[in-house]
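The opening position of the sequence shown corresponds to residue 1 in UniProt numbering, with each subsequent residue numbered one higher. C-beta atoms are modelled at their ideal positions from N, C-alpha and C, and glycine is treated no differently. In this text the structure is predicted, and so the values were computed from the model without any measurement. First the structure, in the form of structure tokens, and then the observations on it.
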Amino acid sequence: MEPGEGDHSLQRKRLRKPRGRGLRTNTGCLTCRKRHKKCDERRPVCGPCTARCRDCIYPSNLDTVSTTAVPEAQSQSQSADSDWLHGENDDPGTSASSAPAASRPIPVAPLHANVNVPPQDTWSPDSAFWTTDFASTRWLDLLANDAAQADSGFSLAPTPAPREGDERLTQAADIQSLHTRLSVVAAAERKSWQANADATLTSHEAGLLRHFAERCALWLDLFDPQRLFSTHAIRLALRNAGLMKAILALAARHRAKLPQITQAGEQDSQGLSALADNEWIRYYYETLHYVQEALAYNSYTNSKELLATAIVISSYEMLDESDGQGNWQRHLKGVFWIQRSQDVNGASGGLRQAVWWAWLRQDIWAAFREKRPCLSFWVPVQKCHELDQNGLADRAMYLLSQAVNYYAHSRAVAMDPMADPSASLNLHQVKEELLRSIEQWKSCLGDQYKPLPIPSSPSDVFTRLWVHPPQFGVALQAISFAQILIALHSPTPVGFNGYLRLQKTLSDAVDTICGIAMELEDEGCQIMSAQCLYGAGLCVQDGPKQDKIVLLMEACESRVGWAPMATWRDDLRHEWAKADGERGQDGFT
Numbered sequence: 001m002e003p004g005e006g007d008h009s010l011q012r013k014r015l016r017k018p019r020g021r022g023l024r025t026n027t028g029c030l031t032c033r034k035r036h037k038k039c040d041e042r043r044p045v046c047g048p049c050t051a052r053c054r055d056c057i058y059p060s061n062l063d064t065v066s067t068t069a070v071p072e073a074q075s076q077s078q079s080a081d082s083d084w085l086h087g088e089n090d091d092p093g094t095s096a097s098s099a100p101a102a103s104r105p106i107p108v109a110p111l112h113a114n115v116n117v118p119p120q121d122t123w124s125p126d127s128a129f130w131t132t133d134f135a136s137t138r139w140l141d142l143l144a145n146d147a148a149q150a151d152s153g154f155s156l157a158p159t160p161a162p163r164e165g166d167e168r169l170t171q172a173a174d175i176q177s178l179h180t181r182l183s184v185v186a187a188a189e190r191k192s193w194q195a196n197a198d199a200t201l202t203s204h205e206a207g208l209l210r211h212f213a214e215r216c217a218l219w220l221d222l223f224d225p226q227r228l229f230s231t232h233a234i235r236l237a238l239r240n241a242g243l244m245k246a247i248l249a250l251a252a253r254h255r256a257k258l259p260q261i262t263q264a265g266e267q268d269s270q271g272l273s274a275l276a277d278n279e280w281i282r283y284y285y286e287t288l289h290y291v292q293e294a295l296a297y298n299s300y301t302n303s304k305e306l307l308a309t310a311i312v313i314s315s316y317e318m319l320d321e322s323d324g325q326g327n328w329q330r331h332l333k334g335v336f337w338i339q340r341s342q343d344v345n346g347a348s349g350g351l352r353q354a355v356w357w358a359w360l361r362q363d364i365w366a367a368f369r370e371k372r373p374c375l376s377f378w379v380p381v382q383k384c385h386e387l388d389q390n391g392l393a394d395r396a397m398y399l400l401s402q403a404v405n406y407y408a409h410s411r412a413v414a415m416d417p418m419a420d421p422s423a424s425l426n427l428h429q430v431k432e433e434l435l436r437s438i439e440q441w442k443s444c445l446g447d448q449y450k451p452l453p454i455p456s457s458p459s460d461v462f463t464r465l466w467v468h469p470p471q472f473g474v475a476l477q478a479i480s481f482a483q484i485l486i487a488l489h490s491p492t493p494v495g496f497n498g499y500l501r502l503q504k505t506l507s508d509a510v511d512t513i514c515g516i517a518m519e520l521e522d523e524g525c526q527i528m529s530a531q532c533l534y535g536a537g538l539c540v541q542d543g544p545k546q547d548k549i550v551l552l553m554e555a556c557e558s559r560v561g562w563a564p565m566a567t568w569r570d571d572l573r574h575e576w577a578k579a580d581g582e583r584g585q586d587g588f589t
């Protein structure tokens, strides 16, 4: 040792900072910070991200957000989820270190508030920016930050400590060895977030699972002949805690909106006892805690379990809203990110395809209410004549999404005084192509779409239409809604004949929607039917018909328990009153 070297070493030795003060820094790439990894800050791609083949993202400015401590009840539920998540082969020390401590605040990094995302109209679907890891993390941040704002006691635990194998990967010197190790880890890590055996549920939880399969899943399986949510997803949930918690949250929330048929301590025929106060919120929080931990694994970010969890949570948020103005519509964008990162679309097959169609039906309504285009840019490859009758029902929803896009674009052009004149011509071409597609769709319909004989009453305001199977009736309603949107937002036809054609189009569409709704009692069809009834109400001026539409929407709400339907009825009444006032000012009676 050179003279003075020992003293110099002592002087240069850095003192360890107290735990909780200074250990969390504001440097490093976004990916390493989110995964609680040490970052060497190498640019453009840091060392850990290079070794793990992750996207390395350096935000310009990332604010640190602190939340309050995790309540004791949440810590206990997190511990149970963590046991299921990590499995039996985890190192005890690792599990202990990853458990949340109720005595310290857990930071939640609001990625969505600080990362500059390209606007949708300029975003490239091939961009490497939207990886499965980043998309799912952004979706979780949307949910977590909104949950923290609504409940100051909510926070997320840190991601689990890295496995030994993961740490060794960062030391791999050659690329071939790295790829070999990555493939081994990918095959083995699934066991870390998926149980090896079916979960054991309490009687109450088993009752909620059945409630989901027999009632809530009907909305998600609307046009799916395989009923993958009520058959396949519930079996996946038996080995995946996150999906199970999401299912329990949705089932508990739906049951809470129904008339109470059991007293405290009693059980109904499905083994369900009375729900505890805000039981569904606890399941919802437990879902977020599980997902936050499981996102540490690449195989989970690419899994159908994550996709199913995301759409079930979206359905829960949709049902939980009281006025349709909450976070659900914004969170749909997060589900879209996950689907896009996994390259999921309406022709992916299996549960992934079922998730996409369930998401599209939700986004259609959200886009219509927000007066924006639908988020999806997928275009079907198959022609209508190549589809079976179930495929035609899905195609009806796709055509409705295109009608919503036309409505949003035509409204934007009409409100922009500086719009390019060619925009109107383009809209006209889009309209004509869409109308041709609708006529082609109608030409391919089989006998299953034809109304069956049914008793009628002279007092009926609308002619009753019974279509069986009922989901095909909803498809007819969706096409009629699409025709209404196109007709109402197209240039006013010239001449009396043009006016008559417009009135006939609207009248036929209203009669179809309302006539089918009068005989449509299937629970899975009620949400979509109520949305189409809203569209029909936009072009009805006759008082008795308006009253009938309101009654039909109330019947839909009573069957499914979705509160925002009351807001829709109020909106219709407001539109009708405004139209009556405008007619009075113009001198018409």
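- By the Cβ criterion, the segment 356 to 371 is in contact with the segment 398 to 414, since at least three pairs of Cβ atoms, one from each stretch, lie closer than 8 Å.
- DSSP, reduced to helix, strand and coil, places W328 within a helical segment of the structure shown.
- Distance between T31 and L295, taken at the CA atoms: about 12 Å.
- Around the CB of D542, fewer than 16 other CB atoms lie within 10 Å, so the residue is classed as exposed.
- Put simply, the segment 280 to 289 does not touch the segment 342 to 354. Fewer than three CB pairs are less than 8 Å apart.
- Counting along the chain, N497 sits inside the alpha helix (DSSP H) bounded by residues 495 to 517.
- L452 is bridged by DSSP to W466.
- In the DSSP annotation of this structure, the continuous segment of the alpha helix (DSSP H) that includes Y300 starts and ends at 298 to 301.
- For K191, the closest of L506, W356, D522, Y300 by C-alpha to C-alpha distance is Y300.
- Burial state of I247 is buried, judged by a 10 Å Cβ sphere holding 16 or more other Cβ atoms.
- Within the same chain, W280, Y283, Y284, T287, Y316 come within 7 Å of A249 by CB-CB distance, once the 5 residues on both sides are set aside.
- With distances taken between CA atoms, Y290 lies nearest to W193 out of W576, R54, P544, W193.
- Assigned with DSSP and collapsed to three states, H204 falls in helix.
- Residue environment analysis places H331 among the buried positions, since at least 16 neighbouring C-beta atoms fall within 10 angstroms of its C-beta.
- For the pair Q389 and Q292, the CB atoms are not nearer than the 9 Å cut-off.
- In the structure shown, the three-state DSSP call for T309 is helix.
- Taking the Cα positions, M244 is about 45 Å away from V461.
- By the C-beta criterion, the segment 229 to 241 is judged not to be in contact with the segment 535 to 550, since fewer than 3 inter-stretch pairs fall below 8 Å.
- Between W365 and Q531, the CB-CB gap stays under 9 Å.
- Just so you know, the alpha carbons of Y407 and D508 end up roughly 20 Å apart.
- The criterion of a C-beta distance shorter than 9 Å is not satisfied by K450 and V474.
- In this structure, the alpha-carbon of A195 lies about 8 Å from that of A241.
- With contact defined as three or more Cβ pairs closer than 8 Å, the segment 434 to 446 and the segment 379 to 396 are in contact.
- Note that the C-beta distance between L351 and L236 is below 9 Å.
- Distance from L520 to P470 at the Cβ level is roughly 6 Å; contact confirmed, criterion being Cβ atoms closer than 8 Å.
- DSSP places K578 within a helical segment (H, G or I) once states are collapsed to three.
- Distances from the CA of E321 to each of C49, R239, L238, M565 were compared; the closest alpha carbon is that of M565.
- With a beta-carbon spacing of about 18 Å, V381 and A354 fall beyond the 8 Å limit used to define contacts.
- Leaving aside the five residues that flank R215 on each side, the residues in its chain whose CB is nearer than 7 Å to its CB run, in chain order, H254, E523.
- Here S457 carries a coil assignment [DSSP, helix/strand/coil].
- By the neighbour-count criterion, in which a residue is buried when 16 or more other Cβ atoms sit within 10 angstroms of its Cβ, Y297 is buried.
- L506 places its beta carbon 9 Å or farther from that of Q546.
- If you draw a straight line from the Cα of R35 to the Cα of R54, it is about 11 Å long.
- For Y534, the enclosing alpha helix (DSSP H) starts and ends at 526 to 537.
- The three-state secondary structure of E41, taken from DSSP, is coil.
- Q503 sits exposed, since fewer than 16 C-beta atoms from the chains shown fall within 10 Å of its C-beta.
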